[in-house]
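So the sequence shown is numbered by my numbering: it starts at 13 and just counts up by one.
No residue lacks a Cβ here, since even glycine has one placed at the ideal position from N, Cα and C.
In this text, all values refer to a predicted model and were calculated from it rather than measured experimentally.
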Amino acid sequence: ASRKSFPNRTDHSKSMTAQLMPWFASLSLSFGVFACLAISLPPALAGTVACPPEGCEKNPEVTSFLQAALQIRLESFSAVADPTVMNLVKKYSSAADANHTNIVFVRIPKTASTTCCGISRRIGLYHNLNGVFVKRQWPAMAEPGVWAAHGALDRLGYGENMANEPVTANSDHLPSVEAMGNLTMPTFMWTVIRESTSRALSQYYWVKSRGNQPWFSNKLFYLKIYGGNNQFRYIRKSPQDTVDDVLNMYGLIAITERMPESMVVLAATLKIPLSDVLYVDAAKRNSEHVPLDEEPEDIREYLNGTFRQKNELDIQLYQRADAMLSARIKEMRLESAVDKFKTFLANAQEACKVPGSDRAPIETLTKCIIDDQACNYECLAQFDEIGQRTCEWCGM
Numbered sequence: 013a014s015r016k017s018f019p020n021r022t023d024h025s026k027s028m029t030a031q032l033m034p035w036f037a038s039l040s041l042s043f044g045v046f047a048c049l050a051i052s053l054p055p056a057l058a059g060t061v062a063c064p065p066e067g068c069e070k071n072p073e074v075t076s077f078l079q080a081a082l083q084i085r086l087e088s089f090s091a092v093a094d095p096t097v098m099n100l101v102k103k104y105s106s107a108a109d110a111n112h113t114n115i116v117f118v119r120i121p122k123t124a125s126t127t128c129c130g131i132s133r134r135i136g137l138y139h140n141l142n143g144v145f146v147k148r149q150w151p152a153m154a155e156p157g158v159w160a161a162h163g164a165l166d167r168l169g170y171g172e173n174m175a176n177e178p179v180t181a182n183s184d185h186l187p188s189v190e191a192m193g194n195l196t197m198p199t200f201m202w203t204v205i206r207e208s209t210s211r212a213l214s215q216y217y218w219v220k221s222r223g224n225q226p227w228f229s230n231k232l233f234y235l236k237i238y239g240g241n242n243q244f245r246y247i248r249k250s251p252q253d254t255v256d257d258v259l260n261m262y263g264l265i266a267i268t269e270r271m272p273e274s275m276v277v278l279a280a281t282l283k284i285p286l287s288d289v290l291y292v293d294a295a296k297r298n299s300e301h302v303p304l305d306e307e308p309e310d311i312r313e314y315l316n317g318t319f320r321q322k323n324e325l326d327i328q329l330y331q332r333a334d335a336m337l338s339a340r341i342k343e344m345r346l347e348s349a350v351d352k353f354k355t356f357l358a359n360a361q362e363a364c365k366v367p368g369s370d371r372a373p374i375e376t377l378t379k380c381i382i383d384d385q386a387c388n389y390e391c392l393a394q395f396d397e398i399g400q401r402t403c404e405w406c407g408m
């Protein structure tokens, strides 16, 4: 596969290769055994996954990441009736050669979405996709391309938005189902969601830190106008969608609280090296943000009561996506890869940490692909060689 390269990174890569090769060797062996087994599986078994908590009868054809890893498309999605939409759903969630696939990341705010935007752009950089260094260039302008920006998939049907989510983030009205349908090349669409109460509190503290909306200064008032099912409404394609529809439409719904696991599944699905999904965490500059169990009693009471009722679909979506992530890790036998990636990621983050990012915006301290996305990506490039050499799924 054709990959872009960075100059003057060979020495760094060789030193990291020497340090990390032993534990990658064990990963290569375990995944190599899995690859042989997976290819020999009969079709009936290759498409099975663990049932969600409410039972398989409510979601009989959950998208199998084993199939995605082997470039096998599901023949149907029982939750979607319209054949036209059904074809689009298959198009969105199908994995293909990363060098010839559009990547569309639907960016929900306050879910580690900046990190995931950066990961999307780094993947695009390494696999020669267009739009990597452009904030809002839709892939149709030059396919294959990468999209990683704010905007609800169904802005017109989003509904109430008292919390001022970036539903229509720009006059281009992107992304949209219509724009997705007009793409001609294979397209992998993914997103990331966060536990609902954690996200709502994070958004409140972010809004307060901006200082330009004083009427949001009362925490309980903000939480009451936060709305309901904001994440579900942000990533659905229409107001008629069910949780099943949303789960079936995305190639991956990552979990904020399980970023390393999510990134391993993303890499294995797209058949790209784990080095492509490394990221640098910027230190949090909002010290006022406190854990839920330390919030005042009235806040905890509201979040554990009325808030949960108003956000029932968000909670269902999170629980189901979390269970599907676990099932796919088990199905693809990625447990060892997850353990190894956590060490790999820790080494990369230690080597590429940006001093002072707890006091100043990280994009003012180091080179980023765009804004605060994929920061210090040139430092992360030193891990490319080890990632490429040990990637057992890349040639599948």
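Considering Cα atoms alone, identify which of the options is closest to residue i.
i    : options                : result
C403 : K352, R222, L329       : K352
S132 : C387, C406, G407       : C387
S250 : E307, L325, V118, L168 : L168
V118 : L137, S287, I311, A181 : A181
P367 : A360, N359, P303, L377 : L377
R5   : S274, E362, R371       : Look at the range of the chain in this structure, 13 to 408, and you will see that residue 5 is not part of it.
N242 : N194, D166, T126, Q361 : D166
W202 : L232, T254, G263       : G263
P272 : G399, N323, F319, Y291 : Y291
G399 : I115, D288, A160       : D288
D334 : C364, R320, V277       : V277
R270 : Y234, S338, L232       : S338
G157 : N176, L137, M174       : L137
F244 : Q394, S348, H301, K322 : K322
R248 : A393, S208, G171       : G171
V189 : D253, F233, A124, L232 : D253
Q394 : E313, L286, R320, A161 : L286
A280 : H301, E313, R134, V350 : V350
R148 : V116, R134, T127, A124 : V116
Under 7 Å from any heavy atom of the ligand ATP, does the C-beta of residue i make it?
i    : result
E190 : This structure lacks the ligand ATP; in fact it carries no ligand of any kind.
Are there 16 or more other CB atoms within 10 angstroms of the CB of residue i, so buried, or fewer, so exposed?
i    : result
S221 : exposed
L346 : buried
E306 : exposed
G407 : exposed
Y389 : buried
D256 : buried
P303 : exposed
D370 : exposed
T196 : exposed
T355 : exposed
F145 : exposed
Which residues does DSSP list as the beta-bridge partners of residue i?
i    : result
V118 : A161, T203
K387 : Note on identity: in this sequence residue 387 is Cys, with Lys being the wrong assignment. The partner list for C387 (beta bridge, DSSP) reads C380.
I265 : T203
N142 : G157
Round the Cβ separation of residue i and residue j to the nearest angstrom and send it over; I've been treating them as touching at under 8 Å.
i    : j    : result
T268 : F200 : With a Cβ gap of about 20 Å, T268 and F200 do not count as contacting.
P151 : G163 : The Cβ separation is near 14 Å, so there is no contact.
P12  : P187 : Outside the displayed span of the chain (13 to 408) sits residue 12, for which this structure offers no information.
A110 : L282 : 5 Å
M192 : L259 : So it is not a contact: roughly 17 Å between Cβ atoms.
C391 : A363 : 7 Å
CA-CA distance, residue i and residue j?
i    : j    : result
D184 : Y217 : 29 Å
W405 : Q328 : 32 Å
L41  : E155 : With a pLDDT of 45 at L41, under the threshold of 50, the modelled position of that residue is not reliable, and no figure is offered here.
G239 : P373 : 29 Å
D383 : E309 : 38 Å
G317 : M261 : 30 Å
A62  : Q331 : Low local confidence applies: a pLDDT of 37 at A62 is under 50, so the model's placement there is unreliable, with the coordinate-based value given in what follows. Roughly 14 Å between the two C-alpha positions.
I237 : L213 : 12 Å
I205 : R401 : 32 Å
I381 : N140 : 14 Å
L235 : D396 : 43 Å
A175 : M344 : 39 Å
K379 : D293 : 14 Å
I311 : F233 : 10 Å
E375 : T209 : 28 Å
R134 : A124 : 16 Å
E207 : P198 : 30 Å
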